[in-house]
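In the numbering used here, the protein residues as written are 17 to 401.
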Amino acid sequence: MSQQKHTNDAEPTIHTNDEGIKQLEYRIREYSRNYNISLELLEKSSNPQELIDAIFDEYIRRLDELKGIDLKDLEGETHLVEEKEKFKSLVMFATQSSLMRENAQLYEQLDKANSELRSANDQLDTKNRQLAALNEHYLNMLSFASHELRSPLISILGYAELMSDKVMGELNSDQEEAVGVITKVSKNLIDMIRNYLDLTRIETGQLSLPENREPINICDDIIAPVLVEMNEQFSKNKMNIEAKTCDPFRLDVDRDLMRIVFTNLFSNAVKYGKKGTPIKYEITEEDECYRFSISNQGVGIKPESTKDIFEKFSQALESQQWDTPKGTGLGLFIARKIVEEHGGKIWAESRFGEWFTVYFNIPRDIEKSIARMQEQPEEARIVER
Numbered sequence: 017m018s019q020q021k022h023t024n025d026a027e028p029t030i031h032t033n034d035e036g037i038k039q040l041e042y043r044i045r046e047y048s049r050n051y052n053i054s055l056e057l058l059e060k061s062s063n064p065q066e067l068i069d070a071i072f073d074e075y076i077r078r079l080d081e082l083k084g085i086d087l088k089d090l091e092g093e094t095h096l097v098e099e100k101e102k103f104k105s106l107v108m109f110a111t112q113s114s115l116m117r118e119n120a121q122l123y124e125q126l127d128k129a130n131s132e133l134r135s136a137n138d139q140l141d142t143k144n145r146q147l148a149a150l151n152e153h154y155l156n157m158l159s160f161a162s163h164e165l166r167s168p169l170i171s172i173l174g175y176a177e178l179m180s181d182k183v184m185g186e187l188n189s190d191q192e193e194a195v196g197v198i199t200k201v202s203k204n205l206i207d208m209i210r211n212y213l214d215l216t217r218i219e220t221g222q223l224s225l226p227e228n229r230e231p232i233n234i235c236d237d238i239i240a241p242v243l244v245e246m247n248e249q250f251s252k253n254k255m256n257i258e259a260k261t262c263d264p265f266r267l268d269v270d271r272d273l274m275r276i277v278f279t280n281l282f283s284n285a286v287k288y289g290k291k292g293t294p295i296k297y298e299i300t301e302e303d304e305c306y307r308f309s310i311s312n313q314g315v316g317i318k319p320e321s322t323k324d325i326f327e328k329f330s331q332a333l334e335s336q337q338w339d340t341p342k343g344t345g346l347g348l349f350i351a352r353k354i355v356e357e358h359g360g361k362i363w364a365e366s367r368f369g370e371w372f373t374v375y376f377n378i379p380r381d382i383e384k385s386i387a388r389m390q391e392q393p394e395e396a397r398i399v400e401r
């Protein structure tokens with residue numbers, strides 16, 4: 017907001033016989049003079065040093081106006097009213113000048129800090145753009161490499177399974193052991209590649225909930241096909257499925273994305289479950305959503321780590337499994353992202369040394385739930401138990 021000066025430059029002569037009125041009029045004139053000069057000095061000075069010099073010059077000029085009057089004469093002399101008010105005004109100006117100087121220094125410091133902050137923000141923006149470009153390049157390379165590796169690995173796995181089934185002839189014990197290693201490693205690599213491909217879809221925004229989702233029978237159209245595909249893994253680990261479901265229902269979801277969720281969670285249960293123990297899944301109908309859980313018996317995880325396992329590249333589960341091959345640390349992260357895209361929440365519970373369970377829910381009204389979740393910070397979307 018701009019300030020207006022009081023136009024009092026001419027300093028008109030005051031004609032009155034009343035000493036009180038004369039003193040008041042001189043005082044008003046001096047106050048107005050202080051105000052106008054202060055504004056003028058602030059407008060003309062570009063830095064505190066210039067302001068100090070200008071204040072000093074103005075102070076000397078106004079001190080000279082007193083014409084060498086002895087300060088003792090100002091006490092009780094009625095004919096020196098104007099000089100007395102000028103002296104008071106000079107003292108007031110000195111006080112105001114000190115404040116003006118301090119304010120100017122603070123303003124300069126603030127301006128310098130703002131300039132440094134703008135410079136830091138510009139540097140940060142530049143770094144962010146560079147990181148975004150680097151991340152895009154990394155994701156493109158990751159996607160390309162994963163696609164290129166997937167096909168030959170599937171071929172290797174196919175031939176290894178043919179050899180294991182003795183379609184290509186009998187194998188001795190050493191050959192059977194070698195083929196078993198090839199099969200196991202190939203499956204692990206294919207799972208890793210699948211997770212990396214899903215990760216690139218998440219990071220590039222391709223793994224977002226599409227507009228063409230449709231009502232799906234979760235049990236018949238998603239869980240049943242996933243269990244059929246994984247039947248060989250269950251059999252090799254001597255694990256059977258125990259299911260507890262509610263009445264048939266449909267949810268408005270993306271079929272392919274939800275298949276990824278159940279595939280990752282059942283694979284997780286097989287990988288970290290104890291051989292010969294059951295894998296249990298349960299579906300519960302609640303007021304505003306359906307709750308799903310998948311459990312396995314095994315080493316489990318310490319309670320304080322149950323939230324960390326849903327972070328990208330988390331190795332919290334692997335750290336408890338000394339005889340299990342290291343994974344990508346992406347399966348639960350990807351499941352979490354898909355569940356959140358459907359407006360749901362995901363969490364885990366475990367008793368270390370005994371069992372491990374992952375829970376998640378999918379709301380009936382996905383749009384309403386997504387809108388509510390967007391108002392929450394990301395860390396609040398993982399339920400802590």
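Yeah, the Cβ is synthetic: ideal placement off N, Cα and C, and Gly gets one too.
- Secondary structure at Phe-308: strand, using DSSP grouped into helix, strand and coil.
- With at least 16 other beta carbons inside 10 angstroms of its own, Met-208 counts as buried.
- Around the beta-carbon of Phe-326, 16 or more other beta-carbon atoms lie within 10 Å, marking it buried.
- For Arg-210, the enclosing alpha helix (DSSP H) starts and ends at 189-219.
- Excluding the 5 residues flanking it on each side, Tyr-306 has same chain C-beta neighbours closer than 8 Å at Ile-234, Cys-262, Phe-265, Leu-267, Ile-299, Thr-300, Asn-377, Ile-378, Arg-380, in chain order.
- If only uninterrupted beta strand (DSSP E) runs of at least 3 residues are considered, those enclosed by the stretch 348-384 are 361-367, 371-379.
- Residue Ile-239 holds the alpha-carbon nearest to the alpha-carbon of Ile-276 among Ile-239, Asp-190, Asp-141, Pro-294.
- Rounded to whole angstroms, the gap between the alpha carbons of Phe-349 and Lys-328 is 5 Å.
- By the CB criterion at 7 Å, Lys-254 and Lys-291 fall inside the cutoff.
- Here Phe-250 has no same chain residue with a Cβ atom under 6 Å from its own Cβ, once five neighbours each way along the sequence are excluded.
- It is roughly 11 Å from the alpha-carbon of Glu-192 to the alpha-carbon of Leu-178.
- Within the same chain, Cβ atoms closer than 6 Å to the Cβ of Ser-385 are found at Gly-359, Pro-379, the five residues on either side in sequence being excluded.
- Taking the CA atoms as reference points, Arg-145 sits about 41 Å from Val-286.
- DSSP places Gln-331 in the coil class of the three-state scheme, outside both helix and strand.
- The beta-carbon separation of Thr-199 and Leu-169, rounded to 11 Å, does not stay under the 8 Å limit for a contact.
- If you compare the alpha carbons of Ile-354, Asp-270, Ser-283, Ala-129 with that of Thr-344, the shortest gap goes to Ser-283.
- Ile-354 is the residue among Asp-141, Ala-194, Ala-110, Ile-354 whose C-alpha sits nearest the C-alpha of Leu-281.
- In the structure shown, Val-183 adopts coil according to DSSP, grouped into three states.
- Following the DSSP letters along the chain, one finds Ile-239 in no alpha helix (DSSP H), marked with neither H nor E.
- Counting the other CB atoms within 10 Å of its CB gives Leu-346 a total of 16 or more, which places it among the buried residues.
- The C-alpha of Glu-219 lies about 9 Å from the C-alpha of Asn-151.
- Distance from the Cα of Ala-176 is smallest, within the candidate group Ser-202, Met-246, Thr-142, for Ser-202.
- Annotation: Asp-324 is outside any alpha helix (DSSP H) and is labelled neither H nor E by DSSP.
- The C-beta distance from Phe-368 to Ser-311 rounds to 14 Å, too long to meet the 8 Å contact threshold.
- Within the stretch 263-308, the complete beta strand (DSSP E) runs of at least 3 residues fall at 266-269, 295-301.
- Of the candidates Gln-125, Ala-149, Lys-143, Leu-205, the residue whose Cα lies closest to the Cα of Arg-166 is Leu-205.
- Residue pairing of Pro-231 in beta bridges, as defined by DSSP: Asp-268.
- Per DSSP, Lys-260 is one residue of the beta strand (DSSP E) stretching across 257-260.
- By the neighbour-count definition (other C-beta atoms within 10 Å, threshold 16), Leu-126 is an exposed residue.
- The three-state secondary structure of Gly-316, taken from DSSP, is coil.
- Taking all protein chains shown into account, Leu-273 has 16 or more neighbouring C-beta atoms within 10 Å of its C-beta and is therefore buried.
- Lys-104 sits in a helix when the DSSP states are folded into three classes.
- In this model, Asn-52 and Arg-45 are separated by some 11 Å (Cα to Cα).
- About 13 Å separates the Cβ atoms of Val-374 and Ser-321, ruling out a contact at the 8 Å cut-off.
- Annotated as distal: Glu-370 and Gly-289, with beta-carbon spacing of 7 Å or more.
- If you draw a straight line from the Cα of Met-184 to the Cα of Val-197, it comes to about 18 Å.
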